[in-house]
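> What follows is a structure written as structure tokens; I'll ask about it next.
In our numbering, the protein residues as written are 823 to 911.
Okay, here's the thing in structure tokens:
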């Protein structure tokens with residue numbers, strides 16, 4: 823579950839990261855000043871939200887393969903074997 827949350831947070835933050843990198847590259851170190859970001863902030867929030875929605879749609883359509891029988895995580899000889907699906911042949 824934490825992987826899904828971190829993925830969504832990264833996708834939401836990507837437009838902000840790219841925008842501030844662009845501002846620093848074009849205007850120098852003082853280009854990332856927060857004083858004149860009111861117009862861009864709304865656009866960045868919308869783009870980040872659209873990326874999150876698109877990723878939810880992608881994972882809903884191309885979700886995890888659940889074909890076969892689920893084998894839960896277990897310890898074997900002191901090593902953790904992660905849970906996985908075994909296909910029935």
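By construction, the Cβ of each residue, glycine as well, lies at the ideal position given by its N, Cα and C atoms.
Which residues in the same chain have their Cβ closer than 8 Å to the Cβ of residue 874, if we skip the five residues on either side of it in sequence?
830, 833 and 834
> Which term fits residue 894, buried or exposed, when burial requires 16 or more other beta carbons within 10 angstroms of its beta carbon?
Around the CB of residue 894, fewer than 16 other CB atoms lie within 10 Å, so the residue is classed as exposed.
> For residue 833, report the span of its alpha helix (DSSP H) as first-last.
824 to 849
> To which residues does DSSP link residue 902 through a beta bridge?
897
> Given a cut-off of 9 Å, decide if residue 865 and residue 889 are closer than it, judged by their beta-carbon atoms.
no
> Just to confirm before moving on: does the CB-CB distance between residue 871 and residue 836 stay below 9 Å?
Taking 9 Å as the Cβ cut-off, residue 871 and residue 836 do not qualify as a contacting pair.
> How long is the line joining the alpha carbons of residue 876 and residue 883, rounded to whole angstroms?
11 Å
> Taking residue 907 and residue 897 to be in contact with their CB atoms under 8 Å, please state how far apart those CB atoms are, rounded to whole angstroms.
Not really, about 19 Å apart at Cβ, beyond 8 Å.
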